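In the working numbering, the protein residues as written are 17 to 355.
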């Protein structure tokens, strides 16, 4: 099998996964429509602890199960596409050499965390938000990011890059799921509806606890990525542990916000609305570091000039001509060439 075959397979695999996520999203939305339109006699409330849970009509329950099954299949196809992406490069490498690859890797982790959490602690009700986020992120990757497979520069061929990015991707997925839970908390706190999606969501204490668990899991992994493996790799690549690079600065700002979130919960007893808002601030800094820095900063060292002539993607027949970027973003680096 050639590199071109793996590239085409990866691209089609990501498209296939996106279609499955979209179908799962439709199934979850069908469930929501059933919950909102079902006659009152078909809606039952079962007491679970100190809260009431809406028991869905049979057809909406089937839609929810279908959504979960489709999501599981999408995750499997997504994983195969990621592996093929790494095999498409010459030499073979990890599939996060630019923003397109980091995006498809990050969305995979978000979907995987959702599936594993559903199997363990039953958060299937998060399905509509999780699949919508993944579909939107993959659409953005298709429409706005360069998907050409290029070899990594020498500075990026380091085992520390692999360790650093694995930790960054895992923590980004956990923080994103935590942000979705925090957003749900704020929405449910303002809602008085007894039917529909928010009525199916657990009570505020459960949402607050689940959000805290996601952030408590993601924070030490983010710490490992930002304060340990990142500086080690920076020293290996640039000769200094800290370079005041915009990516480094915003990664540290994100670390400070999430550290404040966990510290406030542990010492000041922050719960509920204040904690949820601070968690969303952390998510905003996280995604600004991922997206905003690439478009508003021209001084980041997280990109490397290749000096190669523009190439054409082998997926030209699938997605139109794709010119190779003159710079290859590293981890969450820039995909657009600087002037």
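Where a beta carbon is used, it is the ideal one built from N, C-alpha and C, also for glycine. Computed from a prediction, not measured in an experiment: that's the story for all the values here.
In terms of residue numbering, what span does the alpha helix (DSSP H) encompassing residue 155 cover? Residue mapping note: residue 155 aligns to position 139 of the chain shown, counting from 1. First-last of the alpha helix (DSSP H) with residue 155: 143 to 160.
How many angstroms separate the CA atom of residue 283 from the CA atom of residue 277? As a first step, residue 283 is located in the chain shown; it is residue number 267 there, counting from the start. As a first step, residue 277 is located in the chain shown; it is residue number 261 there, counting from the start. So the two alpha carbons sit approximately 10 angstroms from each other.
Hey, could you find the ends of the alpha helix (DSSP H) residue 234 is sitting in? Here residue 234 corresponds to residue number 218 of the chain shown, with the count starting at 1. Segment 220 to 239, the alpha helix (DSSP H) holding residue 234.
Going by Cα to Cα distance, which pick from 161, 301 and 223 is closest to residue 287? Counting from one through the chain shown, the residue named residue 287 turns up at place 271. Nearest Cα to residue 287 within the set 161, 301 and 223: 223.
Contacting residues, own chain, Cβ-Cβ under 6 angstroms from residue 143 (five flanking each side not counted): By one-based count along the chain shown, residue 143 stands at place 127. Once the five neighbours on either side are set aside, the close Cβ partners of residue 143 are 44 and 83.
Three-state secondary structure (DSSP) at residue 103? Taking the first residue of the chain shown as position 1, residue 103 is located at position 87. In the structure shown, the three-state DSSP call for residue 103 is helix.
Taking the alpha helix (DSSP H) that residue 247 belongs to, which residues open and close that run? Taking the first residue of the chain shown as 1, we reach residue 247 at position 231. First-last of the alpha helix (DSSP H) with residue 247: 246 to 254.
Check residue 50 in the structure and name its three-state DSSP category. Position 34 of the chain shown, counted from the first residue, corresponds to residue 50. Residue 50 falls in the helix class under three-state DSSP.
Less than 7 angstroms between C-beta atoms, sequence neighbours within five positions excluded: which residues of the same chain meet that for residue 150? Position 134 of the chain shown holds residue 150. Closer than 7 angstroms at Cβ, skipping near neighbours: 37, 123, 126 and 127.
Do the CB positions of residue 298 and residue 273 come within less than 8 angstroms of each other? Along the chain shown, read from residue 1 onward, the residue named residue 298 stands at position 282. Along the chain shown, read from residue 1 onward, the residue named residue 273 stands at position 257. Contact flag set, yes.
Looking only at its own chain, which residues have a Cβ that is under 8 angstroms from the Cβ of residue 291, when we skip the five neighbours before and after it? In the chain shown, the residue the question calls residue 291 occupies position 275. The answer, listed in chain order, is 198, 224, 227, 228, 277, 280 and 281.
I need the straight-line Cα distance from residue 101 to residue 18, nearest angstrom please. Locating residue 101 in the chain shown gives position 85, where the first residue counts as 1. Locating residue 18 in the chain shown gives position 2, where the first residue counts as 1. Their backbone Cα atoms lie some 12 angstroms apart in a straight line.
Excluding sequence positions up to five away, which residues of its chain have a Cβ less than 6 angstroms from the Cβ of residue 65? Position 49 of the chain shown, counted from the start, is the residue given in the question as residue 65. With a pLDDT of 42 at residue 65, under the threshold of 50, the modelled position of that residue is not reliable, and no figure is offered here.
Excluding the 5 residues preceding and the 5 following residue 34 in the sequence, name in chain order all residues of the same chain whose CB lies nearer than 7 angstroms to its CB. Position 18 of the chain shown, counted from the start, is the residue given in the question as residue 34. Short of 7 angstroms from the beta carbon of residue 34, and not among the five residues preceding or following it, lie these beta carbons of its own chain, in chain order: 151 and 154.
Please report the distance separating the alpha-carbon of residue 201 from that of residue 253. Indexing the chain shown from 1 puts residue 201 at position 185. Indexing the chain shown from 1 puts residue 253 at position 237. Between the alpha carbons of residue 201 and residue 253 lies a gap of roughly 42 angstroms.
Should residue 112 be labelled buried (16 or more other beta-carbon atoms within 10 Å of its own) or exposed? Looking up residue 112 in the chain shown gives position 96. That one is buried.
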